[in-house]
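Since the structure comes first, as structure tokens, the remarks are kept for the end.
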Amino acid sequence: MKVSSFNVNSLKARLVNVKEWLKEADPDIVCLQETKCTDDTFPRGEIEDLGYNLAIHGQKTYNGVAILSKYPIEDATPGLPEGDGDDHARYLEAVISVNGSAVRIASIYLPNGNPIGTEKFTYKLSWMERLVRHARNLLKYEEPFVLAGDYNVIPMPEDVYDPKAWEGDALYQPESRAKFRELLNLGLTDAFRACHTEPHRYTFWDYQAGRWQKDQGIRIDHLLLSPQAADRLKACDIDKDVRDREKPSDHVPIWAELDF
DNA sequence: ATGCCGGGCGAAGCCCGA
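Each number in our numbering corresponds to the 1-based position in the first sequence with 474 added.
As structure tokens, then:
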């Protein structure tokens, strides 16, 4: 079973690009972020025609997450727990039946948090704290799950082209990196790092300043696996070539192959 | 030090992203 995460930066603007990638990469489960469309304007038919079931948690203009699955979606729950007063569509969780096994999948669009020193950064950290608490609860079931998405966190210096250039940015703040580390310390596995040790592998390149042409990117899209999912991890990689196509997103897909 | 690019919104130019 191949599970993938892709921040599309507007599904409507990216529809041709996304459909082409879906056809060739042929993932079984896809977590999308920044769909930027409401549930009633989501291009359902276009995606369903490619063989996917849908769970969507949309919002106008900003945010918006979705889960596509070739396997049956048994249950879908929008929003992280403790969401009173949080109206951003940034989290969607579904239980999917994969060849007789129940696998929980979450599509995550973690807040950017810039600029630091503002309520945007405290929102990011409190959101991450909610995610840590939720992950801790999910781990009690001792079941396979994947927390997939745009975490807006650069975990380590080797995950950015120039660490100095990112000092002071919310994506590379010690507090942001520490909260991400808390998730790992709970026992979750960074699927990419479990399969690759080489530095300077990225999932995002800014549209500006020729970042893509100079390969100056950051690794901020992650697949975090529960122990029972990590047991089944066979491969993980980044579909870098998608960034070089017509009208690309500034992110590219990341995927993992799990033995289910 | 700021904007670079690109999307949404909505019909020009601003807000936002990372």
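Using N, Cα and C, we set each Cβ at its ideal position, and we do this for glycine too.
Please read these numbers as outputs of a predicted model, since none were measured by experiment.
Nonlocal neighbours in the same chain, by C-beta distance under 6 Å from residue i, ignoring five residues either side
| i | result |
| --- | --- |
| Arg-578 | Val-569 and Phe-619 |
| His-531 | Val-539, Pro-552, Ala-563 and Leu-566 |
| Asp-733 | Arg-706 and Lys-708 |
Per-residue DSSP class, three states only, for residue i
| i | result |
| --- | --- |
| Tyr-615 | coil |
| Ile-600 | Per the sequence shown, residue 600 should be read as Ser rather than Ile. Helix at Ser-600. |
| Leu-658 | helix |
| Val-620 | strand |
| Trp-686 | coil |
| Pro-637 | helix |
| Pro-673 | coil |
| Thr-512 | coil |
| Ala-487 | coil |
| Leu-707 | strand |
| Ile-694 | coil |
| Asp-664 | strand |
| Ser-571 | strand |
Local Cβ density within 10 Å of residue i, reported as buried at 16 or more and exposed below that
| i | result |
| --- | --- |
| Asp-664 | buried |
| Leu-524 | exposed |
| Pro-648 | exposed |
| His-674 | exposed |
| Arg-717 | buried |
| Tyr-615 | exposed |
| Gln-507 | buried |
Residue(s) in a DSSP beta bridge with residue i
| i | result |
| --- | --- |
| Asn-481 | Gln-507 |
| Pro-552 | Leu-566 |
| Asn-527 | Ser-543 |
Cutoff 8 Å; reference residue i; Cβ partners in own chain excluding five residues on either side
| i | result |
| --- | --- |
| Asp-636 | Gln-690 |
| Thr-535 | Lys-510 |
| Val-606 | Lys-653, Glu-656, Leu-657 and Leu-660 |
| Asp-643 | Asn-588 and Ile-590 |
7 Å CB neighbourhood of residue i in its chain, flanking five on each side removed
| i | result |
| --- | --- |
| Leu-613 | Leu-660, Gly-661 and Ser-700 |
| Tyr-681 | Asp-724 |
Can we say the segment 580–589 touches the segment 513–524, given the rule of at least three CB pairs closer than 8 Å? Because the criterion of three Cβ pairs below 8 Å is not met, the segment 580–589 and the segment 513–524 do not touch.
Do the segment 626–642 and the segment 483–497 meet, that is, are 3 or more Cβ pairs less than 8 Å apart? No, the segment 626–642 does not touch the segment 483–497.
With a threshold of 8 Å, are at least 3 pairs of Cβ atoms found where one atom belongs to the segment 543–550 and the other to the segment 591–601? Contact fails: fewer than three Cβ-Cβ distances are below 8 Å.
Can we say the segment 727–734 touches the segment 699–714, given the rule of at least three CB pairs closer than 8 Å? Enough Cβ pairs lie closer than 8 Å, so yes.
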